[in-house]
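Enquirer: Quick note on the working numbering: the sequence shown kicks off at -1 and runs consecutively. Once you've had a glance at the structure underneath, I'll fire off some questions.
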Amino acid sequence: MNLRWRVALVAVLAAGCSSGKPTPKASADRIKALEAQVEAQRVSSEKALADYRPKVQGRLENVGGAAPVLLRQLPGVAQVEVLVAAPKPTHVVVHIRDWLAC
-1 MNLRWRVALV
9 AVLAAGCSSG
19 KPTPKASADR
29 IKALEAQVEA
39 QRVSSEKALA
49 DYRPKVQGRL
59 ENVGGAAPVL
69 LRQLPGVAQV
79 EVLVAAPKPT
89 HVVVHIRDWL
99 AC
C-alpha cells in the first residue's frame, strides 16, 4: 500500500473515531423512545390477537395442503413459502424465522 493510501486510511479512521460516545441524556432519550415503540407494538399485537377470527377452519396436523392457507391468516405472519409441493404430503415442516425481529 503506498503512502497516499495509508494517509487516507488513517484520516478516515481518525474521523470515525473522533465522534465520541453518546451523552447519557441522548442514551436516556433513546431508551425512552425504544420503550415507547415496544409498548406500541405490544398493544398492537394484543389487539391483533383479540380481533383474530380464522377465515379458514382447520388444523395444521391435517397434511392435506391447507397448512399454508392456515398459516397465512395468522396475525403477525409476514410470509409463507411452500418450497417443495408434494402431491400426497405426509408431513408438514414449519420453519419460524426472525420471530423476535422488529
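Backbone N, C-alpha and C define an ideal beta-carbon position, used for all residues, glycine too.
If you draw a straight line from the C-alpha of Lys45 to the C-alpha of Ala24, how long is it?
Expert: For the purposes of this step, residue 45 is taken as the residue at position 47 of the sequence shown. For the purposes of this step, residue 24 is taken as the residue at position 26 of the sequence shown. Taking the straight line from one Cα to the other gives about 32 Å.
Enquirer: Pull up the distance between the alpha-carbon of Ala34 and that of Arg40, whole angstroms please.
Expert: Taking the sequence shown and counting its residues from 1, the one referred to as residue 34 is at position 36. Taking the sequence shown and counting its residues from 1, the one referred to as residue 40 is at position 42. Near 10 Å, if we compare the C-alpha coordinates of Arg40 and Ala34.
Enquirer: How about the stretch 57 to 68 and the stretch 79 to 88: do they share at least three Cβ pairs that are nearer than 8 Å?
Expert: The stretch 57 to 68, when compared against the stretch 79 to 88, does touch it at the 8 Å Cβ threshold.
Enquirer: What are the boundary residues of the alpha helix (DSSP H) that includes Val80?
Expert: Locating residue 80 in the sequence shown gives position 82, where the first residue counts as 1. No alpha helix (DSSP H) contains Val80, which DSSP labels as neither H nor E.
Enquirer: Indicate the three-state DSSP secondary structure (helix, strand or coil) for Pro87 in the structure shown.
Expert: Taking the sequence shown and counting its residues from 1, one reaches residue 87 at position 89. Residue state, collapsed to three classes: coil.
Enquirer: Could you compute how far the alpha carbon of Ser43 sits from the alpha carbon of His89?
Expert: Mapped onto the sequence shown, residue 43 falls at position 45. Mapped onto the sequence shown, residue 89 falls at position 91. Looking at the two C-alpha atoms, the distance is approximately 30 Å.
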